[in-house]
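Residue numbers (UniProt numbering): 1 to 70.
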């Protein structure tokens with residue numbers, strides 16, 4: 001993937017992680033801190049956050065590789 005596509009995917013998945021945090025907080029406010037749905041959204045947040053982090057590092061690697069190739 002190109003560096004631009006990696007950055008777009010990274011920002012999109014990071015935005016999804018932020019939405020999962022809002023859903024986790026809403027589930028915790030409605031059903032309590034130890035609700036099953038809150039835990040599911042919390043795990044989805046971590047999965048999305050670390051996926052976005054990996055894509056960001058891929059963006060950096062492809063951008064650096066492209067820079068040195070020129």
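For each residue, glycine too, the CB sits at the ideal point set by N, CA and C. Predicted, not measured: the structure shown is a model, and the values here were computed from it.
In terms of residue numbering, what span does the alpha helix (DSSP H) encompassing residue i cover?
i, result
"residue 32", "Neither: residue 32 is in no alpha helix (DSSP H) and is coded neither H nor E."
Would you grab the beta carbon distance between residue i and residue j for me? Rounded to a whole angstrom, and I think it's under 8 Å.
i, j, result
"residue 63", "residue 26", "So it is not a contact: roughly 36 Å between Cβ atoms."
"residue 51", "residue 13", "5 Å"
For residue i, which of the options has the nearest alpha-carbon?
i, options, result
"residue 71", "55, 60, 50, 21", "Absent from the structure is residue 71, since the part of the chain shown begins at 1 and ends at 70."
Skipping 5 residues on each side, what residues in its chain have a beta carbon closer than 6 Å to that of residue i?
i, result
"residue 23", "41"
"residue 72", "Limits of the chain in this structure are 1 at one end and 70 at the other, which puts residue 72 out of reach."
Identify, in the order they occur along the chain, each residue of the same chain with its Cβ nearer than 7 Å to the Cβ of residue i, setting aside the five sequence neighbours on each side.
i, result
"residue 6", "55, 58, 59, 62"
"residue 10", "52, 55, 56, 59"
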